[in-house]
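Residue numbers (my numbering): 2 to 321.
Each residue gets a CB set at the ideal place from its N, CA and C atoms; glycine is no exception.
Remarks on the structure that follows.
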């Protein structure tokens, strides 16, 4: 996707319905409301997906982002939560999909509740989600919600050159083992490895998992602890285990010579900072009383730690 090289861009992490925090962040970045749309005279907002779910102002957040896109003031890529909404809707339309669809409503609960009195509004947003690309490659920088996998992005481009998927792709992605599922799992949820010995862990958000999220840029990892990248730490005895040759071979490595890459998804904590000179995660757990974070991108080819901007999310915007 071609973007104006003379324009500045503000990349914004996972909003998750924190509408007040989003307005505060845009205001701090110099955006102002004109004719009901947040605008900046020289810059554009680029959202990394996951606008929906969990927070108290999901509908308001969607309208804000959608209106900015319609006015040419923003772009947004798809997050795994927008994809979940499409997948859940697709499965509800098939008899065989009813059982499979039960894993989605828990994450969508707040979104569906807040749209309960606005069914047409929700249908309109579902249609709009199909217009959100799974990635943006602007040449000097890239955006993907969770993980840049050149092989899977190449496969996606074969049928969907601009990264925008349709209902047929979503239906295929709900089928285990399909190419579409592999693409969505990698780009929207990231890279993961199974926990050893059939172990399972319950995360802070109450989900029990048998896999853990991993880095996709580590050059010479030796142990599980070297590659774990998620809010919930591995037990010490697991973190110290050495990776097998096969496990090392399965890991992606986004090289430090590649263009700047921005992701969300990973529920970071602390002070926003680069993961490496060409890679930044902008999800700082906004909806969990964390930070809604942005990076102010101009012409640099290496990330500047001083160009991260954030607002602290107020307690009333966190889930009760």
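Query                                                                                                            : Result
Three or more C-beta pairs below 8 Å linking the stretch 115 to 130 and the stretch 207 to 217                   : no
Segment contact, 8 Å Cβ cut-off, at least three pairs: the stretch 167 to 187 with the stretch 82 to 89          : yes
Own chain residues within Cβ distance below 6 Å of residue 322, not counting five before or after                : No statement about residue 322 is possible, as the shown extent of the chain runs from 2 to 321 and does not include it.
Collapsed DSSP secondary structure at residue 285 in the structure displayed                                     : strand
Span of the beta strand (DSSP E), counted from its first residue to its last, around residue 47                  : 44 to 48
CA-to-CA distance, residue 236 to residue 229, given in whole angstroms                                          : 11 Å
Whole-Å CB distance - residue 142 paired with residue 298, under 8 Å assumed                                     : 6 Å
Member of 162, 139 and 83 whose CA lies at the smallest distance from the CA of residue 113                      : 83
Residue 17, buried or exposed, once every other Cβ within 10 Å from all chains shown has been counted against 16 : buried
Residue 95 versus residue 148: straight-line alpha-carbon distance, rounded                                      : 30 Å
Assigned secondary structure, residue 321 (DSSP; H/G/I helix, E/B strand, else coil)                             : Any reading at residue 321 must be qualified, since the residue scores a pLDDT of 42, below 50, and its modelled position is unreliable; the value itself is stated next. Note: residue 321 maps to coil in three-state DSSP.
At least three beta-carbon pairs within less than 8 Å, the stretch 240 to 258 to the stretch 56 to 70            : no
Helix, strand or coil at residue 107 according to DSSP, with G and I counted as helix                            : helix
8 Å contact criterion, which residue 146 and residue 265 should meet: CB distance rounded                        : 6 Å
Nearest residue (CA-CA) to residue 25, options 256, 287 and 304                                                  : 287
Exposure label - residue 306; buried when at least 16 CB within 10 Å                                             : exposed
Spatial distance of residue 42 from residue 107 (CA atoms)                                                       : 40 Å
Residue 303 - DSSP class collapsed to helix/strand/coil                                                          : coil
From 179, 160, 239 and 232, residue whose alpha carbon lies closest to that of residue 195                       : 239
Of the listed residues 154, 64, 291 and 15, nearest to residue 119 (C-alpha basis)                               : 64
Minimum C-alpha distance to residue 79 - residue among 40, 50, 109 and 300                                       : 50
Alpha-carbon to alpha-carbon, residue 255 and residue 219                                                        : 8 Å
Distance between residue 201 and residue 186 (C-alpha atoms, nearest Å)                                          : 19 Å
Supposed contact pair residue 314 and residue 22 - C-beta distance, whole angstroms, cut 8 Å                     : 5 Å
Selection from 62, 53 and 111 that minimises the alpha carbon distance to residue 38                             : 62
Residue 166 vs residue 131 beta-carbon contact at 8 Å                                                            : yes
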